[in-house]
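What follows is a set of notes on a single structure, which appears directly below.
Residue numbers (the UniProt record's numbering): 1 to 294.
Listed below in structure tokens is the structure:
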């Protein structure tokens, strides 16, 4: 079977390619001569050959099937230079059909009505002793596969969760194009606005509002502490910068100073920042519902 196909024309199917073999093995057959056994095998092969010829009428050079493909069918495909992939994962098959803009075939009667998938190159590659099928130049060019490696299953699970979280943030950023300044700049800006509101509010409510502002300032404080810097000094410098109208200033952890986040390119999705504040506030509300004295 070929290991590399250029300008691939891919037929994606979910059809039985080993059913005939299974039916014979599950049936009770009485054979009293070797000639009859050979005839039985020839009959089975003829049925499978007819099915392979129907598949070849689709003018494909790559055949991907959801179900198993028997050895004889693989041999026939190999003789015609067709790459075969069997027992493909169903969810993966649907995604593959989507990125290739192809149909999933369940019958071989209408070859003219079926869309074949196309890609520039499909090849078998070896990654850490595992054989993988790599498709390059697919119709939906932005589609890709991320391969994770880890010494243990726990490391792999953690890496998968991290990748999933990053992709979720990225998808929300595409949907919600607004961004805010990173490095604690957004939290400091929000804390300043909340403190100004507290000054205009009555005494009892102002204490609560100012506490919320203090909680917001803890985020840049934690960033500075985690980086090993003097958080008190950095936060004072950050608040001073914001008081002077430098609302884009945040913490430059690499240098241990406050800098313009726009110039450094340190930005965060607005949707993510908004959800962090909302969920933190709701968590506090739930705690206060249980006991309003903390």
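Ideal Cβ placement from N, Cα and C applies to all residues, glycine included.
Quantities reported herein were computed from a predicted structural model and do not represent experimental measurements.
Need the endpoints of the beta strand (DSSP E) that residue i sits in, please.
i, result
"residue 180", "179-181"
"residue 83", "83-85"
"residue 11", "4-13"
"residue 64", "62-65"
Report buried or exposed for residue i, applying the criterion of at least 16 other Cβ atoms within 10 angstroms of its Cβ.
i, result
"residue 8", "buried"
"residue 96", "buried"
"residue 21", "At residue 21 the pLDDT is 47, less than 50, meaning the model places this residue with poor confidence; the figure from the coordinates comes in the next sentence. It counts as buried."
"residue 46", "exposed"
"residue 193", "exposed"
"residue 30", "exposed"
"residue 231", "buried"
"residue 289", "exposed"
"residue 303", "Examination of residue 303 is not possible in this model, given that the chain is present from 1 through 294 alone."
"residue 24", "Low confidence applies to residue 24: its pLDDT is 48, below 50, so where it sits in the model is not reliable enough to give any reading."
"residue 61", "buried"
"residue 17", "buried"
"residue 243", "exposed"
"residue 258", "buried"
"residue 184", "buried"
"residue 249", "buried"
"residue 224", "buried"
"residue 90", "exposed"
Using only the alpha-carbon positions, how far apart do residue i and residue j sit?
i, j, result
"residue 102", "residue 68", "20 Å"
"residue 143", "residue 12", "18 Å"
"residue 63", "residue 83", "6 Å"
"residue 281", "residue 215", "10 Å"
"residue 34", "residue 132", "42 Å"
"residue 169", "residue 269", "8 Å"
"residue 166", "residue 276", "15 Å"
"residue 218", "residue 187", "9 Å"
"residue 128", "residue 148", "11 Å"
"residue 158", "residue 171", "20 Å"
"residue 206", "residue 197", "8 Å"
"residue 260", "residue 163", "29 Å"
"residue 42", "residue 86", "23 Å"
"residue 256", "residue 265", "16 Å"
"residue 94", "residue 135", "15 Å"
"residue 180", "residue 271", "9 Å"
"residue 137", "residue 236", "53 Å"
"residue 239", "residue 202", "24 Å"
"residue 14", "residue 40", "26 Å"
"residue 32", "residue 44", "18 Å"
"residue 146", "residue 74", "29 Å"
Could you pull the DSSP bridge partners for residue i from this structure?
i, result
"residue 136", "121"
"residue 249", "260"
"residue 267", "181"
"residue 326", "Coverage of the chain is limited to positions 1 through 294, which leaves residue 326 absent and any answer about it impossible."
"residue 295", "The chain is shown from 1 up to 294; residue 295 falls before or after that span and cannot be answered."
"residue 17", "69"
"residue 105", "13"
"residue 127", "130"
How many whole angstroms separate the CB atoms of residue i and residue j, which I take to be in contact at a CB cut-off of 8 Å?
i, j, result
"residue 115", "residue 88", "18 Å between Cβ atoms; not a contact."
"residue 118", "residue 139", "6 Å"
"residue 52", "residue 77", "7 Å"
"residue 54", "residue 108", "4 Å"
"residue 2", "residue 92", "Going by Cβ atoms, the distance from residue 2 to residue 92 rounds to 21 Å, so no, they are not a contact pair."
"residue 220", "residue 267", "About 15 Å separates the two Cβ atoms, so there is no contact after all."
"residue 4", "residue 79", "The pair is not a contact, with the Cβ atoms about 17 Å apart (cut-off 8 Å)."
Span of the alpha helix (DSSP H) holding residue i?
i, result
"residue 286", "270-290"
"residue 99", "90-100"
"residue 220", "203-226"
"residue 302", "Here the chain comprises residues numbered 1 to 294, so residue 302 is not present and cannot be evaluated."
"residue 74", "71-79"
Taking Cβ positions only, does residue i come closer than 8 Å to chain B?
i, result
"residue 205", "Looking for chain B here will not work: only one protein chain is present."
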